[in-house]
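Here the structure comes first, spelled out in structure tokens, and everything after it is commentary.
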Amino acid sequence: MEITSSKKRYHQYLFIWAGQLISLFGSSVVGFALIWWMTIMTGSAMFLATNSFLTIIVMTICMPIAGVFSDRFNRKVLIILADSLLAFSIILGIILFQFDLMTIWVLLAFMSINSIFHAFHMPTFNAIVPSMVPPEKLMRINSISFFFVGSIQVFAQFIASVLWLFFPIHIILWVDFITYLIALIPLIIIEIPSVNDKQSTATEGLKKPSFFKEFITGVRALKLIPGLIIIIIMMMLTSFIMSPIKVLLPLYVYSTHSGSAGHFALTLIFFQGGMILGALIPFIKKQWAHKARVIFICLGITMIGYIILALAPRGTYFIIALGAATMGLSFPIISTLSTTIIQTVVPLEKMGRIMSINQTITILILPLGTILSGPLAEILGIPLLFFYSAELGLIIAFSLWTLTNIRKLDYGNLGKIGEISEKIKNLNK
Numbered sequence: 000m001e002i003t004s005s006k007k008r009y010h011q012y013l014f015i016w017a018g019q020l021i022s023l024f025g026s027s028v029v030g031f032a033l034i035w036w037m038t039i040m041t042g043s044a045m046f047l048a049t050n051s052f053l054t055i056i057v058m059t060i061c062m063p064i065a066g067v068f069s070d071r072f073n074r075k076v077l078i079i080l081a082d083s084l085l086a087f088s089i090i091l092g093i094i095l096f097q098f099d100l101m102t103i104w105v106l107l108a109f110m111s112i113n114s115i116f117h118a119f120h121m122p123t124f125n126a127i128v129p130s131m132v133p134p135e136k137l138m139r140i141n142s143i144s145f146f147f148v149g150s151i152q153v154f155a156q157f158i159a160s161v162l163w164l165f166f167p168i169h170i171i172l173w174v175d176f177i178t179y180l181i182a183l184i185p186l187i188i189i190e191i192p193s194v195n196d197k198q199s200t201a202t203e204g205l206k207k208p209s210f211f212k213e214f215i216t217g218v219r220a221l222k223l224i225p226g227l228i229i230i231i232i233m234m235m236l237t238s239f240i241m242s243p244i245k246v247l248l249p250l251y252v253y254s255t256h257s258g259s260a261g262h263f264a265l266t267l268i269f270f271q272g273g274m275i276l277g278a279l280i281p282f283i284k285k286q287w288a289h290k291a292r293v294i295f296i297c298l299g300i301t302m303i304g305y306i307i308l309a310l311a312p313r314g315t316y317f318i319i320a321l322g323a324a325t326m327g328l329s330f331p332i333i334s335t336l337s338t339t340i341i342q343t344v345v346p347l348e349k350m351g352r353i354m355s356i357n358q359t360i361t362i363l364i365l366p367l368g369t370i371l372s373g374p375l376a377e378i379l380g381i382p383l384l385f386f387y388s389a390e391l392g393l394i395i396a397f398s399l400w401t402l403t404n405i406r407k408l409d410y411g412n413l414g415k416i417g418e419i420s421e422k423i424k425n426l427n428k
């Protein structure tokens, strides 16, 4: 079924998106508080690595299922259900902290369960974008999304560090629940377009292809987009080598540099500040002639920032902040260009599973990176582990660019894009 993104539908999407940004603020405040609580309670790289490993492995397993659900069932209901379950889990967390029942092991289970709901929310929400946003606005909406996400996370981390000084953690968790209620309003009152020709009755459900067949169709669709597999492999390997900083940054600030919650917040604020600046670039520049080349250049810039952060002398928080900002600068450009390529080419009825497969492959070996981060940090030390990871990232980027045909591809050829989109649309026929 063809769905045209009208002006009215675009404005409705902006309303839903605004609600999601408010919810993101609450989640970011609570995420900061939970990670910092774990850092102070354990002071252990192993526990931080274990937490990241568990949450990522759960998302890796659940995302392909979520993508098929997104294409098969009502996306509005799925988003509301996932968000509501997240809110319910926050209430449980408040109770556990209030009565001193929260332990490190309970928190690990708590955050792992929450990652299931995130796994269903992310690809489903991403899949509704091209059904409500006109094609000519996709690049700008993806870039401005990064701008606002970065801005909100900067503000959220500042607020979280202030709240940490004055309130117990169970009070801080209420921020997430309140913002969930606000985000629920536009989801309830606005209609999200359906991509299915049939209503999901029990009889028709029997006629639908199996989950496995729909998943395989998604994989075949990915392979039809030239160069996309190389970009996904690049992002998968990048996620792997970035896992040490994702896992160990709180401990790097707290232990290696004797920092406080404020110093950790400052580092994250500069990282998000880099993302805000980076998001403005594709928003201002609407047309990109060589998307693949830009993606690889940005990856190199990210690794340079990684090296700066790794080599920062003890207590030099301005150098740490500079490295974090340099890393953050490139992420929005990489994500905006790769996401826009997919949204431009893939038909709406296959968008959910394609998005979920893309995200799943991207984080496929991230669990290995997270679980190795702890032991390697104990052996090498965190700064040296960061440095070696960045060097490996530069080698990977250079190798993929020089040894594959990705450098020859042109994603600006509208005729070619139309042919690819038609092939993907006819995969099940």
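Residues 0 to 428 in numbering that gives the first Met the number 0 are what the sequence shown spells out, letter by letter.
Every residue, glycine too, gets a C-beta built ideally from N, C-alpha and C.
| message | Measuring straight from C-alpha to C-alpha, what distance separates Ile230 and Thr338? | response | Taking the first residue of the sequence shown as position 1, residue 230 is located at position 231. Taking the first residue of the sequence shown as position 1, residue 338 is located at position 339. Roughly 11 Å between the two C-alpha positions.
| Does DSSP classify Ala108 as helix, strand or coil? | Here residue 108 corresponds to residue number 109 of the sequence shown, with the count starting at 1. Helix at Ala108.
| message | Please give me, in chain order, every unbroken run of the alpha helix (DSSP H) with length at least 4 that falls completely inside the segment 132 to 173. | response | Here the runs fully enclosed are 137 to 165 and 168 to 171.
| task | Select from Ile275, Leu379 and Ser242 the residue whose C-alpha is nearest the C-alpha of Phe154. | result | As a position in the sequence shown, residue 154 is number 155, starting the count at 1. Among Ile275, Leu379 and Ser242, the Cα nearest to that of Phe154 is on Ile275.
| query | In chain order, what residues of the same chain have a beta carbon less than 8 Å from the beta carbon of Ser160, not counting five sequence neighbours either side? | reply | Taking the sequence shown and counting its residues from 1, the one referred to as residue 160 is at position 161. Within the same chain, Ser160 has close Cβ partners Phe31, Ala260, Gly261, Phe263 and Ala264.
| Rounded separation between Val76 and Gly18 - CA only | By 1-based counting over the sequence shown, the position of residue 76 is 77. By 1-based counting over the sequence shown, the position of residue 18 is 19. If I take the Cα positions, the gap works out to 16 Å.
| query | Could you give the distance in angstroms between the alpha-carbon of Gln11 and the alpha-carbon of Pro312? | reply | For the purposes of this step, residue 11 is identified with residue 12 of the sequence shown, where counting begins at 1. For the purposes of this step, residue 312 is identified with residue 313 of the sequence shown, where counting begins at 1. Using only the alpha carbons, I get a separation of about 49 Å.
| said: Looking at the secondary structure, which residues open and close the alpha helix (DSSP H) in which Ala32 lies? | reply: Within the sequence shown, the letter at position 33 stands for residue 32. It spans Lys6 to Thr41 - the alpha helix (DSSP H) in which Ala32 sits, taken as one unbroken run.
| query | Apart from the five residues on each side of it in sequence, which residues of its chain come closer than 8 Å, Cβ to Cβ, to Asp82? | reply | Counting from one through the sequence shown, the residue named residue 82 turns up at place 83. Only Ser22, Phe116, His120, Tyr179, Ala182, Leu183 and Leu186 meet the Cβ criterion.
| task | For Arg313, name the three-state secondary structure that DSSP assigns. | result | Numbered from 1 along the sequence shown, position 314 holds the residue referred to as residue 313. Here Arg313 sits in coil by DSSP.
| task | For His169, collect the residues of the same chain with a Cβ closer than 6 Å to its Cβ; drop the 5 residues on either side in sequence, then sort them by chain order. | result | Residue mapping note: residue 169 aligns to position 170 of the sequence shown, counting from 1. Cβ neighbours of His169 beyond the five flanking positions: Ile93, Phe96 and Gln97.
| task | With a threshold of 16 other CB atoms inside 10 Å of the CB of Lys7, please say whether the residue is buried or exposed. | result | Mapped onto the sequence shown, residue 7 falls at position 8. Exposed, by the Cβ-count rule.
| query | With distances taken between CB atoms, is the gap from Gly226 to Asn404 smaller than 9 Å? | reply | Within the sequence shown, numbered from 1, the residue matching residue 226 stands at position 227. Within the sequence shown, numbered from 1, the residue matching residue 404 stands at position 405. Yes, the Cβ-Cβ distance between Gly226 and Asn404 is below 9 Å.
| Which parts of the segment 231 to 317 are runs of the alpha helix (DSSP H), unbroken and 4 residues or longer, counting only runs that do not cross its ends? | With a minimum length of 4 residues, the continuous alpha helix (DSSP H) runs that stay inside the segment 231 to 317 are 260 to 283 and 290 to 309.
| task | May I ask you to report which of helix, strand or coil DSSP gives Thr343? | result | The residue you call residue 343 lines up with position 344 of the sequence shown. If DSSP states are grouped into helix, strand and coil, Thr343 belongs with the helices.
| Do you know whose CA, among Gly277, Ile319 and Ile158, lies nearest Pro382's CA? | The sequence position of residue 382 within the sequence shown is 383, counting from 1. Comparing Cα-Cα distances from Pro382 to each of Gly277, Ile319 and Ile158, the minimum goes to Ile319.
| When Met131, Ser111 and Thr123 are compared against Ala65, the one with the closest alpha-carbon | As a first step, residue 65 is located in the sequence shown; it is residue number 66 there, counting from the start. Minimum Cα distance to Ala65 is reached at Thr123.
| query | Which word fits Leu164, buried or exposed, when buried means at least 16 other C-beta atoms lie within 10 angstroms of its C-beta? | reply | Sequence index remark: in the sequence shown, residue 164 carries index 165 (1-based). That one is exposed.
| query | Are the segment 42 to 56 and the segment 102 to 118 touching by the rule of at least three beta carbon pairs closer than 8 Å? | reply | With three or more CB-CB distances shorter than 8 Å, the segment 42 to 56 counts as touching the segment 102 to 118.
| message | I want to know whether the segment 231 to 245 touches the segment 387 to 399 - three or more CB-CB distances under 8 Å. | response | At 8 Å Cβ cutoff, the stretches touch.
| request: Would you mind reading off the limits of the alpha helix (DSSP H) that contains Ile395? | output: Walking along the sequence shown from the start, residue 395 turns up at place 396. Element bounds for Ile395: Ile381 to Leu402.
| With a Cβ-Cβ cutoff of 9 Å, do Ala126 and Arg74 count as a contact? | What you label residue 126 is simply residue 127 of the sequence shown in a count that begins at 1. What you label residue 74 is simply residue 75 of the sequence shown in a count that begins at 1. Yes, the pair counts as a contact, with Cβ atoms nearer than the cut-off.
| said: Restricting to Cα atoms, I'd like to know which of Leu363, Val148 and Ile151 is closest to Leu234. | reply: Numbered from its first residue, the sequence shown carries residue 234 at position 235. It should be pointed out that residue 234 corresponds to Met in this sequence rather than to Leu. It is Leu363 whose Cα lies nearest to the Cα of Met234.
| Candidates Lys290, Lys222 and Glu377: which alpha carbon is nearest Ile353's? | The residue you call residue 353 lines up with position 354 of the sequence shown. It is Lys222 whose Cα lies nearest to the Cα of Ile353.
| Glu190 (DSSP reduced to helix, strand or coil) | Position 191 of the sequence shown, counted from the first residue, corresponds to residue 190. Looking at Glu190 - three-state DSSP - the assignment turns out to be coil, as it is neither helix nor strand.
| query | So does Pro382 have its beta carbon nearer than 8 Å to some heavy atom of the ligand FAD? | reply | The model on display carries no ligand, and the ligand FAD is accordingly not part of it.
| query | So what's Ile364 in DSSP terms, helix, strand or just coil? | reply | As a working mapping, residue 364 is identified with position 365 in the sequence shown. Looking at Ile364 - three-state DSSP - the assignment turns out to be coil, as it is neither helix nor strand.
| In this structure, does DSSP put Asn73 in helix, strand or coil? | Residue numbering aside, residue 73 sits at position 74 when the sequence shown is read from its first letter. Here DSSP, grouped into helix, strand and coil, assigns Asn73 to coil.
| said: Closer than 8 Å is the cut-off here; do at least three beta carbon pairs connect the segment 140 to 148 with the segment 99 to 106? | reply: No, they do not touch.
| request: State buried or exposed for Ser355, treating a residue as buried only when at least 16 other CB atoms are found within 10 Å of its CB. | output: As a first step, residue 355 must be located in the sequence shown, where it is residue number 356. Result: buried.
| said: Please return the same chain residues whose Cβ sits closer than 7 Å to the Cβ of Thr41, not counting the five positions on each side in sequence. | reply: Position 42 of the sequence shown holds residue 41. Closer than 7 Å at Cβ, skipping near neighbours: Ile103.
| request: Select from Phe397, Tyr9 and Leu402 the residue whose C-alpha is nearest the C-alpha of Pro192. | output: For the purposes of this step, residue 192 is identified with residue 193 of the sequence shown, where counting begins at 1. Selected option, being the one with the closest Cα: Tyr9.
| field | Residue burial classification, Ile341 (beta-carbon count within 10 angstroms, cutoff 16) | value | Reading the sequence shown from its first residue, position 342 is the one you call residue 341. So Ile341 counts as buried.
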